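Counting in UniProt numbering, the final residue of the sequence shown is number 691, and the numbers go up one at a time with none missing.
For reference, the structure discussed in these notes is given below.
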Amino acid sequence: GLGTLGLVLGGVVSAAQWGPSGWLWWMADLLGMLLVTPVLLLRRPRRMERSWEALLLTALTTAVCVGIFAFPRPGSGAAHALTFLLFPLMAWAALGFGLRGAALSSLSIALAAIAGTARELGPFFMVDLPYRGLVVLQLFIGITTLTGLLLAAARAERRQAVELLELLATTVRAVHEGVLICEVRESGGLHTVFANEALCALVGRRREELVGAAPGDLLASGDGGDRQRLAEALREERSLRAEVALTRPDGTRVWSEMQLSPVRANGEAVTHFVATHRDVTATKELQARLVAAERVAAVGTLAAGVGHEINNPLAYLALNLEAARRRLAAEGAAAPEGVRDALSSIRGAQEGAERIRLIVRDLQVFSREGAPERGLVDLNALVPPAVRVVLHALRARARLVEDFGPVPRVLGSEARLGQVLLNLLVNAMQAIPEGDPGRHEVRVRTGTDASGQARVEVEDTGGGIPPDVLPRIFDPFFTTKGSAEGTGLGLAICQQIVRTHGGELRVHSVPGKGATFTLLLPPAPVQGAVRPPSPPAVEPSMPETEAASGRRGRVLIVDDEPRLAQSMRLLLEPGHEVVTTTRGEDALAKVAAGESFDVVLCDLQMPGMDGIAVYRRLQREAPALASRVVFISGGASSPEARAFVETVAQRVLEKPVRPDVLLATVEAVLEGSPPEEVAARGAVGGTRRGH
């Protein structure tokens with residue numbers, strides 16, 4: 001740059017000193033630089049891809065130059081006219097071969113013109129005015145060279161712009177996100193001018209269907225809020241980021257995260273809008289399933305709390321009904337007809353209360369939270385509660401068949417394994433359509449397999465599982481059900497629970513003939529096989545004199561629910577002396593005051609001093625009485641309470657306590673019988689003791 005500036009300044013000085021000849025030399029130097037510099041600065045050319053075109057251009061340029069500068073007489077008008085043929089050839093070289101072609105063509109034409117003029121031929125040699133001829137020659141060379149270089153520069157700029165546009169178009173087509181470009185019409189409406197392949201795949205339409213259409217047609221018809229937000233953004237010419245529902249031709253919806261951006265092509269008015277769409281359908285489904293799973297967990301927590309609250313009124317309801325039944329039954333066969341009708345009504349109410357007790361107990365089994373407790377689990381005893389939960393809904397679809405066999409106890413969590421059985425039963429029920437229960441059945445079978453493992457099979461006669469679906473049924477969030485029936489988490493959770501117990505969950509299915517899920521669990525280390533449960537029998541009413549046939553004792557009832565304590569007192573008083581209190585502190589005060597008791601019925605969970613604290617104080621202050629404590633529990637909710645129940649040697653009665661179990665327990669304590677004998681006297685699950 002400095003050298004060129006120095007040359008220009010030197011030329012100006014030379015022209016000022018030498019007059020016209022100085023200007024001619026200066027112009028000649030400039031033309032030399034203009035001609036030779038591009039050729040020297042250009043990089044080594046690549047292999048010519050269009051050699052035939054280059055040869056043709058070279059031949060034509062050579063022929064025209066020979067015709068202009070070799071044969072015509074000096075100053076010929078025909079030669080002047082022929083020089084205009086060099087401009088199209090120069091344009092051809094510049095546009096066809098770029099800057100290199102323009103530079104080489106300019107240099108060739110300049111050399112031919114200089115050579116012809118030097119030989120006193122061509123249109124630029126003037127015998128009488130040689131300086132004028134040189135000026136015209138230099139102007140011709142300058143004009144042709146500049147024309148070629150300008151055309152080559154324009155061609156290079158255009159080619160660069162086209163390559164950039166092609167790169168952008170290729171990039172937009174190749175991105176995984178859908179891209180939609182809309183043009184703003186004069187009326188303010190939009191019409192689509194471009195849609196990439198990702199967007200076509202997202203909405204299930206061909207590009208020809210999208211180009212020219214209004215972009216709002218892709219929005220689902222029911223999403224008025226989305227349309228309103230989009231209309232406001234377009235009217236205010238601002239960006240918008242939102243989740244929108246797009247519709248496919250088959251009516252299905254896909255959720256998209258849309259980013260709308262205005263484009264101001266001229267820097268002022270918005271001429272286009274660009275919308276990018278990212279498919280978030282799977283994410284939305286995942287969020288919906290997680291919400292459903294949280295809802296199920298919340299229902300479980302609610303069931304546990306409600307069950308605990310129901311147990312207290314249910315307990316004194318059952319005890320009051322039993323007390324009323326006993327008093328009415330004392331009238332004997334000679335009782336009036338109204339008394340007998342009342343006695344029948346009470347028996348019906350007792351059956352209803354017993355059903356409520358079983359339902360609440362089953363809900364508590366399947367809704368226990370926190371770390372699962374490990375203990376010996378009898379699968380034969382675990383199946384009936386799970387069956388009772390689904391039996392009402394199952395009756396409209398199929399008949400239930402229970403086939404119990406000898407099965408070893410397993411070491412695990414009763415709540416978690418109960419959850420597995422319940423889920424398998426629900427799946428079996430949902431596999432069978434409603435309306436023909438006589439043709440379908442759900443069979444629950446227990447037993448021991450050849451290797452000694454505990455086995456539970458849940459078999460249905462539904463439509464079965466297709467072979468292409470079978471390998472994926474244990475995958476999280478995979479489901480073939482509608483959103484109202486399944487979240488795709490049930491079987492995955494079951495598989496995880498079974499594996500944590502060291503077991504295996506298998507499935508066998510024949511399309512059209514149903515499916516069988518087999519639960520295999522390793523047996524606990526040392527034990528005997530458990531006999532299958534006997535079918536529940538109708539318990540005979542206890543004779544009214546039975547309670548009085550044993551030893552009469554003094555019973556202390558400690559329960560924070562006054563009505564429950566009163567109900568137990570009414571049931572026990574005909575045969576025993578009963579003292580009630582609602583606070584653990586009051587009970588300890590009575591013992592400290594010297595009052596003697598043969599049995600203590602103590603609620604496990606009470607405000608203030610609970611049953612655990614009362615028992616530990618009695619162990620220190622009255623060990624003999626502590627051995628005659630019977631706990632009554634509405635469900636141990638805290639880890640400490642659960643640990644205490646599992647380890648304490650005392651009897652624990654579950655609320656709502658059945659009247660016959662309560663009477664049998666008091667009699668056993670008075671007689672000094674061990675807790676195992678008490679459990680044998682009561683119903684299954686009526687009493688239990690810690691391990």
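Just so you know, even glycine gets a beta-carbon here, dropped at the ideal spot from N, CA and C.
All of these numbers come straight from a predicted model, not from anything done at the bench.
Euclidean distance between Cα positions of residue i and residue j
i	j	result
R416	H176	43 Å
T518	F273	58 Å
A450	L521	13 Å
L40	E120	Low local confidence applies: a pLDDT of 48 at L40 is under 50, so the model's placement there is unreliable, with the coordinate-based value given in what follows. Spanning the two alpha carbons is a distance of roughly 30 Å.
A288	R227	23 Å
R346	P659	For clarity, residue 346 is Ile in the given sequence; the question names Arg instead. Rounded to the nearest angstrom, the two C-alpha atoms are 14 Å apart.
N312	A641	18 Å
P471	I493	16 Å
S596	A342	39 Å
G405	L670	37 Å
G251	L219	11 Å
P523	R374	13 Å
G512	V390	23 Å
G594	R617	15 Å
V280	E257	6 Å
A353	I310	11 Å
V184	A102	42 Å
C182	G435	53 Å
A201	V179	11 Å
M568	L604	16 Å
E402	R443	6 Å
G133	L57	28 Å
P433	Q496	28 Å
E237	G212	21 Å
F124	A91	22 Å
A323	L653	19 Å
residue 694	G462	Here the chain has residues from 1 to 691 only, and residue 694 is not among them.
Q160	I473	55 Å
Paired residues, beta bridge with residue i - DSSP
i	result
C602	V558, F631
G178	H277
P262	F273
R399	E441
G447	R455
P523	V410
V184	L190
residue 694	Since the first and last residues shown for the chain are 1 and 691, residue 694 lies out of range.
L376	L411
A565	DSSP output for A565 lists no bridge partner at all.
A195	L180
CB-CB length for residue i against residue j, believed under 8 Å
i	j	result
L425	A386	6 Å
L570	N320	7 Å
I141	A110	5 Å
H277	L379	No, H277 and L379 are not in contact; Cβ-Cβ is about 52 Å, not under 8 Å.
A59	G116	Contact doesn't hold; Cβ gap of about 18 Å is too wide.
V360	L314	7 Å
Q650	V629	5 Å
residue 692	G216	The structure shown does not extend to residue 692, since the chain spans only 1 to 691, so no value can be given for it.
A428	V458	5 Å
Close beta carbons around residue i, own chain, < 8 Å, minus the five adjacent residues each side
i	result
A622	V591
V377	R409, V410, L411, G412, S413, E414, L417
residue 696	Any answer about residue 696 is impossible in this case: the structure gives the chain only from 1 up to 691.
V64	L82, L85, L86, L89
T61	L86, L89, A93, S105, S108, I109
7 Å CB neighbourhood of residue i in its chain, flanking five on each side removed
i	result
G98	A152, R155, A156
L382	E414, L417, G418, L421
T582	D559, D560, P562, A565
Residues near residue i by beta carbon distance below 6 Å, same chain, minus five either side
i	result
G672	none
I465	S509, A515
R554	E577, F597, D598
P384	none
R506	T518
G611	C602, D603, L604, F631
A318	A353, P656
residue 693	Any answer about residue 693 is impossible in this case: the structure gives the chain only from 1 up to 691.
F644	I612
Closer than 7 Å: residue i CB and nearest the ligand PLP heavy atom
i	result
V555	In the structure shown, the ligand PLP is absent, as is every other ligand, since no ligand is present at all.
Below-8 Å beta-carbon distance, residue i vs any chain C residue
i	result
A152	The structure shown contains no chain C; it holds only a single protein chain.
List, from N- to C-terminal side, the alpha helix (DSSP H) runs of 4 residues or more that fit wholly inside the stretch 212 to 260.
224 to 236
For the stretch 449 to 521, list the alpha helix (DSSP H) runs that are entirely contained and at least 4 residues long, ordered along the chain.
If only uninterrupted alpha helix (DSSP H) runs of at least 4 residues are considered, those enclosed by the stretch 449 to 521 are 490 to 500.
Just to confirm the assignment: which complete alpha helix (DSSP H) runs, minimum length 4, are found wholly within the stretch 412 to 445?
414 to 430
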